[in-house]
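Per the working numbering, residue 1228 is the first one in the sequence shown, and the count goes up by one each step.
Each residue gets a CB set at the ideal place from its N, CA and C atoms; glycine is no exception.
These numbers were taken from a predicted model, which means no experiment stands behind them.
So the structure is just underneath, and the comments pick up after that.
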Amino acid sequence: MNKRQKRAKIIASALRLFSKQGFYKTTMCDIADTLQISEGTLYNYFPSKMSLATAAISHVTGKMAIDLRYINNKSIPATEKICEFVRSYFCFIQKNPEMVEYFFQVYLSNREIFCDEDDCGFSLAKEFIEELERLINDGVQTRHFTQENFFIAFSSIMGILGSITFLYNEGVLQKPLDEHCDEIAQAICRALQS
């Protein structure tokens, strides 16, 4: 296993523990024990739990950015890109529940952890945010969307997806997540068209 693969394995293990136990209750010793490596080896990759937490956010949002970039590169209307993004996002949260749980439980719920950063951790999700902005701008330029204010458009998309993710994780949806794709995509498109 090369250094990059080992680093990814450490991040994956930390994501599981952070999402299960919470950021504050998880220790570097817990992470090392789970991986069956020494704590010293862990510190060779990440000098602190904070550096591991920030790497985990970049890892999660980086994976979502790759999926969204692929969609953005397609020559299809922005409304179809929204549909594909919703499907991709739902697939992602079903395959990677610990990543999504970490994003909501640690990154969004414990902002104080990341507020030592100049932008309170906003730059950690930079790739994903840039791809989302690209999707929104494409929709505005092609007149599929009228909402030009990025922050309102971003909130419309992520608010809806965040809410449905919460409901999914709580087990209260009355039908499988995949069956909500079209209506969620339509709701997002309506929000971006107002």
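Candidates the options, of which the one nearest residue i by Cα
i	options	result
ASP1409	GLU1325, ARG1314, PHE1330, LEU1351	ARG1314
ASP1365	ILE1384, PRO1304, SER1382, PHE1381	PRO1304
CYS1256	ASN1396, LEU1359, SER1390, TYR1270	TYR1270
CYS1380	SER1390, LEU1359, ILE1391, GLN1368	Correcting the residue type first, residue 1380 is Ala in the shown sequence and not Cys. Ranking the options by Cα distance to ALA1380, first place goes to LEU1359.
LYS1308	VAL1367, GLN1248, PHE1378	VAL1367
LEU1279	ILE1363, ARG1417, ILE1415, ARG1243	ARG1243
ILE1264	LYS1247, SER1421, LYS1233, MET1277	LYS1233
ASN1376	SER1421, MET1228, GLY1267	SER1421
THR1268	LYS1230, THR1392, PHE1378	LYS1230
LYS1353	ASN1323, GLY1398, GLY1289	GLY1289
ASN1422	ASN1323, PHE1349, ALA1418, GLU1357	Lying before the first or after the last residue shown, residue 1422 is absent from the chain, which here runs from 1228 to 1421.
Integer-rounded CB distance, given that residue j should sit under 8 Å from residue i
i	j	result
ILE1258	ILE1237	7 Å
LEU1388	LEU1394	No, LEU1388 and LEU1394 are not in contact; Cβ-Cβ is about 11 Å, not under 8 Å.
CYS1310	ALA1412	4 Å
THR1281	LEU1351	6 Å
ASN1299	ARG1370	With a Cβ gap of about 17 Å, ASN1299 and ARG1370 do not count as contacting.
LEU1295	PHE1319	Going by Cβ atoms, the distance from LEU1295 to PHE1319 rounds to 10 Å, so no, they are not a contact pair.
Same chain, Cβ closer than 6 Å to residue i, neighbours up to 5 away in sequence not counted
i	result
MET1291	PHE1355
VAL1287	MET1326, PHE1330
ILE1415	ILE1309, ILE1384, ILE1387
LYS1276	MET1255
SER1373	Note on identity: in this sequence residue 1373 is Thr, with Ser being the wrong assignment. Once the five neighbours on either side are set aside, the close Cβ partners of THR1373 are GLN1420.
ALA1418	SER1383
PHE1273	LEU1279
Close Cβ partners of residue i (< 7 Å) along its chain, the five nearest in sequence each way excluded
i	result
SER1240	ILE1258, THR1261, LEU1262
PHE1405	The residue you asked about is not Phe; residue 1405 is Asp in the sequence shown. Counting only Cβ-Cβ distances below 7 Å, and skipping sequence neighbours, we find PHE1317.
GLN1321	LEU1404
ILE1391	HIS1407, ILE1411
THR1306	HIS1371, CYS1416
Short CB-CB distance (under 8 Å) between residue i and chain D
i	result
PHE1312	Included in the structure is just one protein chain, with no chain D present.
Neighbourhood of residue i by C-beta distance below 8 Å, restricted to the same chain and skipping five residues each side
i	result
GLY1398	none
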